[in-house]
Structures are given as structure tokens and as C-alpha cells.
Amino acid sequence: MAAGEMKEAIWHGGDLATAKALFPQAPEPWIDLSTGINPIPYPLPELPLSLWQRLPGKAEEAVLLAAARKAYRVRAESGIVAAPGTQILIELLPRLVPTANVAVLGPTYGEHAPAWRKAGAEVREINDLAEIGDANVLVLVNPNNPDGRIVACETLVALAGALAARGGLLVVDEAFADFAPEMSLLPTLSEGALVLRSFGKAYGLAGMRLGFAVGEARFTDALQAMLGLWAVAGPALHVGAAALADADWLSAAGEARAADSGRLDAILNPYGRAVGGTVLYRLLETSQAPALFERLGRAGIYVRRFQHDPSRLRFGLPGEEAAWMRLAQALALA
């Protein structure tokens, strides 16, 4: 299949079914480098059978939220709500500001702008914060996906204040902030801002579906009401609480993934120009990106490509040593 025929096929990372359809002759097992998920997940604790048998309780949710507050350094006066992943929160956010003129700082995660458009908001995708104009809602990802761009906390605090004065909202998606805690807005969170935190990326458990929103209680209470009862499954409450309380594991994982990202840089350097990323992924720019995507796909290695910029590919981290070797060998053949 020619690279040009694949342009519209894959919109998100992690869709191995589509990748397999594109490259049916590729060797198994597939190596999925299309996401920014930690390839070495948090070790799952033993789960009591009762967690699967009964509805999740308020007490278990309280334990999770307490662990999240401590892990994320949430201010005492801030509200927090847990959800089955941050995607559902992204879909609900437009209800918090019914009359919204939205600016989304891009290019970025592709679901933010559509969520506001579906709700009837006027949405502009901007490339610079100076272009915010008269928007009363600003959405940005920090560190950004896919290029790792970081907006300083001081800038975010000022933006939140300006938007609050308009009756608006600053939405900061910190999905990749676990391994860069120094840039999180949460310890200095002010009026007019709402922060999203994703559990699955850093802890390597995206399938568990767990995320959080932190901000003014009026916002988090409204989101809780929209989510309804038993929004987060009992096993997710249990595993999430254990993982978020395990600061030593997160610290060690961050150091290990930083070393891995350096190793990935060394492998990718001969094939293009590194233009950003985080410790969980790297963004490569090369005029050969479409051909490289196809060559890797035929080798059973799935990386992330972008409709808005076909010269770029995002590479997640391999996990096992065999995956590292397959990646290096496939690139060498390219």
C-alpha cells in the first residue's frame, strides 16, 4: 500500500487493528510506538474478588482522591473529581461555559477543539498565545502533545486571571506532566483555571481509564454531577490509589524513562531532526516521514503520523530489549 493511500486511515495512536489492516503481512507481535504511554506499567496489586462483585463505594473513592491530591500537590482549597479517563472530561467541559469563544493552542491533542465545536462553541486553533484575542476559553496541553512545548506557570496564572475576569476559563491538559512535576500548575492553581490529569500515561495503564479534573469547586462539583454515580470502577479506584501513593515507583520510572528517551534519540538521530517530545515520546521531522512510516509498518512497528504535518512522526518508547532491537534494525533498512 502506498503511503499516499494511508493519509486518512489513522487518527489516534494505539489503533493496532487499523495498523494491522494497513499492513496485513507485517510480522507479529506488533510493536506499538504510536502512543506516549509508559511501556513498563505499574505492577498491578492483587485485587480482591469483591472489587469486581460490588459497586464502587464512596470510601474507596475518597482514598483515591486523597492519594491524587498528595501526588499532584493539589491545593487544599481546590476541588477534584475522578473520571473514567480524561476524554470524558474533555467532552463535558463545554457545559461549564455554555457561551464560549474558544482558542486552542495547537497543534495539539486532536480531541479538544472538536469537543467544543460539537457543543456549538466558536473555536479557533491558534499557534501563539498572542493570538488569543477575545476568547473567553483557552485550551492548551502542557507539556504539549506531540512536540513537548511547555508554557511557564507564571504565564498560565496570568492567563487564568485574565480569563476569569471575562467570566471564562483556562483549561490546562497535563496528561504528560507526571514526569515533569516542576511545570505543573496545580500547586499554584488560581481562580479561572481547570487542570486535567491523566493516570494511564505515566503509569502505563491506559486501559484502566482513570483521570482527574482539578479546579474551583464549582467546576469540579458540576463535572461530578454530570458524571453521575459510580463513574470510576472499583478496580480502578483500588489500583489508582495504590499507584498514586507509590512515589518511589514514579521517581524510579521517571529516571528510567529519561534514560530510555536518550537511547531513542541516539537511534533516531541519523534519520531526521528531533523537534520535541517528553520522556515518553520523541517527535521526528524528516522529508522521508511517509516512506519511513510505511517501512516501519511493514516491519510490524506502528508509529504516530500527523495529518496536519506529514513530515513528522512521533515515536513512543520501546519496552522489551527485543523491541529496541527490532526498531533499530527496521530503521537501518530504511
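Numbering follows my numbering, with no gaps: position 326 of the sequence shown is 410. Built from N, CA and C at the ideal position, the CB exists for glycine as well. Please read all numbers here as calculations on a predicted model, not as lab measurements.
Element boundaries [beta strand (DSSP E), containing residue i]
{"i": "D257", "result": "L253 to D257"}
{"i": "V298", "result": "G295 to G299"}
Buried or exposed (CB count within 10 angstroms, at least 16 for buried), residue i
{"i": "S118", "result": "buried"}
{"i": "M409", "result": "exposed"}
{"i": "D244", "result": "According to the sequence displayed, residue 244 carries Ala and not Asp. Answer is buried; the Cβ neighbour count reaches 16."}
{"i": "S134", "result": "exposed"}
{"i": "K91", "result": "Only weak support exists for where K91 lies, its pLDDT of 38 falling under 50; the value from the coordinates is given anyway. With fewer than 16 other Cβ atoms within 10 Å, it is exposed."}
{"i": "E112", "result": "exposed"}
{"i": "T183", "result": "exposed"}
{"i": "G291", "result": "exposed"}
{"i": "L177", "result": "buried"}
{"i": "E378", "result": "buried"}
{"i": "T239", "result": "exposed"}
{"i": "N211", "result": "exposed"}
{"i": "I94", "result": "Note that I94 scores a pLDDT of 38, beneath 50, so its modelled location is shaky and nothing firm can be said."}
{"i": "A259", "result": "buried"}
{"i": "E405", "result": "exposed"}
{"i": "H196", "result": "buried"}
{"i": "M85", "result": "Only weak support exists for where M85 lies, its pLDDT of 41 falling under 50; the value from the coordinates is given anyway. Flag for M85 reads exposed."}
{"i": "R389", "result": "buried"}
{"i": "A155", "result": "buried"}
{"i": "A383", "result": "buried"}
{"i": "S335", "result": "exposed"}
Beta bridge counterpart(s) of residue i as assigned by DSSP
{"i": "V186", "result": "V207 and V221"}
{"i": "D231", "result": "Its beta-bridge partners do not exist; DSSP assigns none."}
{"i": "A166", "result": "F296"}
{"i": "F399", "result": "R366"}
{"i": "P386", "result": "Pro is not the amino acid found at residue 386; the sequence shown has Tyr there. Note: Y386 sits in a beta bridge opposite D116."}
{"i": "G361", "result": "R366"}
Where the alpha helix (DSSP H) containing residue i begins and where it ends
{"i": "Y156", "result": "K142 to Y156"}
{"i": "A277", "result": "Premise fails: A277 lies in the beta strand (DSSP E), A277 to S282, not in any alpha helix (DSSP H)."}
{"i": "E215", "result": "That residue, E215, is in no alpha helix (DSSP H); it is neither H nor E in DSSP."}
{"i": "D500", "result": "The question about residue 500 has no answer, for the chain in this structure spans 85 to 418."}
{"i": "A160", "result": "Neither: A160 is in no alpha helix (DSSP H) and is coded neither H nor E."}
{"i": "A236", "result": "Per DSSP, A236 belongs to no alpha helix (DSSP H) and is neither H nor E."}
{"i": "G318", "result": "G318 to L328"}
{"i": "M409", "result": "E405 to L417"}
{"i": "T102", "result": "L100 to L106"}
{"i": "A197", "result": "H196 to K202"}
{"i": "L135", "result": "S134 to Q137"}
Beta-carbon gap between residue i and residue j smaller than 8 Å
{"i": "E145", "j": "V387", "result": "no"}
{"i": "P227", "j": "I216", "result": "no"}
{"i": "L189", "j": "P319", "result": "no"}
{"i": "L289", "j": "D257", "result": "no"}
{"i": "G284", "j": "A103", "result": "no"}
{"i": "L253", "j": "V181", "result": "yes"}
{"i": "R179", "j": "M310", "result": "yes"}
{"i": "V37", "j": "A219", "result": "Here the chain has residues from 85 to 418 only, and residue 37 is not among them."}
{"i": "Y360", "j": "L352", "result": "In the sequence as presented, Tyr is not what sits at residue 360; that position holds Gly. No, these two residues do not count as a Cβ contact at 8 Å."}
{"i": "A261", "j": "N122", "result": "no"}
{"i": "A297", "j": "L278", "result": "yes"}
{"i": "L128", "j": "V323", "result": "yes"}
{"i": "F263", "j": "A286", "result": "yes"}
{"i": "R396", "j": "A414", "result": "no"}
{"i": "Y229", "j": "G120", "result": "Strictly speaking, residue 229 in this sequence is Asn, with Tyr absent from that position. Yes, these two residues count as a Cβ contact at 8 Å."}
{"i": "T362", "j": "G194", "result": "no"}
{"i": "G163", "j": "G299", "result": "yes"}
{"i": "A214", "j": "E175", "result": "no"}
{"i": "V221", "j": "V255", "result": "yes"}
{"i": "L417", "j": "I385", "result": "no"}
{"i": "L364", "j": "T370", "result": "no"}
Cβ-heavy atom distance, residue i to the ligand SAH, below 7 Å
{"i": "G299", "result": "Questions concerning the ligand SAH fall outside what the structure shown contains, since it holds no ligand whatsoever."}
- Query: For the 8 Å Cβ check, are there 3 or more pairs between the stretch 115-129 and the stretch 392-400?
  - Reply: yes
- Query: Counting Cβ pairs, one atom from each stretch, are 3 or more of them under 8 Å apart for the stretch 341-352 and the stretch 191-209?
  - Reply: no
- Item | Three or more C-beta pairs below 8 Å linking the stretch 267-277 and the stretch 167-177 | no
- Query: Just checking, does the stretch 155-169 make contact with the stretch 315-334 on the three C-beta pairs under 8 Å criterion?
  - Reply: yes
- Sufficient close CB pairs (3 or more, under 8 Å) joining the stretch 150-157 to the stretch 325-337: yes
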